[in-house]
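Notes for the one structure printed next.
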Amino acid sequence: MKKILAISGSLREKSFNTGLTKALHALVSEGVTVEHAVISSLPFFNQDIESAFPEEATVLKNQIEAADAIVFATPEYNRSIPGVLKNAIDWASRPWGKNSFAKKPVLIMGASVGPIATAVAQQELKKIMLYLDAKVVGQPELYIGTAGDKFNEAGELTDENTKEHIKKGLEVLVSLV
Ligand SMILES: Cc1cc2nc3c(=O)[nH]c(=O)nc-3n(C[C@H](O)[C@H](O)[C@H](O)COP(=O)(O)O)c2cc1C
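Our numbering numbers the first residue of the sequence shown as 3 and each following residue consecutively.
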């Protein structure tokens, strides 16, 4: 059994990106399970409190390290990733020498109401993940624009083309495990 940890960069209740992470359960192949990280309760990263590493950050690091692969679904905020996601990544990259993302296969996707479809934010996230020595999937790229047309009222992904595209991404991700 292979385990994927899904991390949504949005705390919004009806988030399209959280909707993407929830859709993964139906899109992974047999023998692959999906777990969800909770990043909303992490304190703001502060190097002064690293010596008393917060429990929430330890839980996140343990989840990442126990997973075979990671899937990020990130919104684009002001042409970058949301602060809440960067905060979670900063915690998981610490303490120095114990970066939890090292060598981890990572698939990045993102949904936006706009036409640029999180391309800029994903580029930033890829840059961060490459620095942290993750094995980032290059292709396929998963830019999900005009998200309002691809999810239903309950925030569930309904667009079949998008589902097929994500399935291909997941296959590449699992091949890196
Ligand atoms: C602070 C803020 C900045 C945003 N900046 C961008 C942006 O740079 N590019 C973009 O495509 N959408 C931008 N948006 C719109 C988001 O794509 C939209 O709110 C999306 O639904 C957020 O993802 P979520 O549904 O997962 O919460 C921004 C939204 C907020 C709240």
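All residues carry an ideal CB built from backbone N, CA and C; glycine is no exception. Just so you know, these numbers come straight off a predicted model, no measurement behind them.
Nearest neighbour of Thr120 by Cα position, chosen from Gly11, Lys5 and Asp161, turns out to be Gly11.
Inter-residue distance for Lys137 and Ser177 is about 11 Å (C-alpha atoms, whole angstroms).
When the beta-carbon positions are compared, Lys105 and Asp135 come within less than 8 Å of each other. Of the residues Ser42, Ala8 and His38, the one whose Cα lies closest to the Cα of Arg14 is Ser42.
Residue burial annotation: Gln124 is buried, with at least 16 other C-beta atoms found within 10 angstroms of its C-beta. DSSP places Ile130 within a helical segment (H, G or I) once states are collapsed to three. In this structure, Gly116 has its beta carbon less than 7 Å from a heavy atom of ligand 1. Here Trp93 is buried. Its C-beta has 16 or more other C-beta atoms within 10 Å. Glu166: not part of any beta strand (DSSP E); member of the alpha helix (DSSP H) spanning Glu162 to Ser177, first to last residue. Annotation for Asp151: Asp161 place their beta carbon closer than 8 Å to its own, counting only its chain and skipping 5 residues before and after.
Within the DSSP secondary-structure output, Ser95 pairs in no beta bridge.
When the alpha-carbon of Met111 is set against those of Ile72, Leu44, Ala68 and Val40, the nearest one is in Ile72.
For Lys152, the secondary structure class from DSSP, reduced to helix, strand or coil, is coil. Assigned with DSSP and collapsed to three states, Ile83 falls in coil, not helix or strand. Just so you know, the alpha carbons of Ser17 and Gly140 end up roughly 25 Å apart. Ile6 sits buried, since 16 or more C-beta atoms from the chains shown fall within 10 Å of its C-beta. In the DSSP secondary-structure assignment, Met111 is bridged to Ala75 and Leu144.
Non-local beta-carbon contacts of Asn89 in its own chain, meaning distances under 7 Å to residues more than five positions away in sequence, involve Leu44, Phe46 and Phe47 in chain order.
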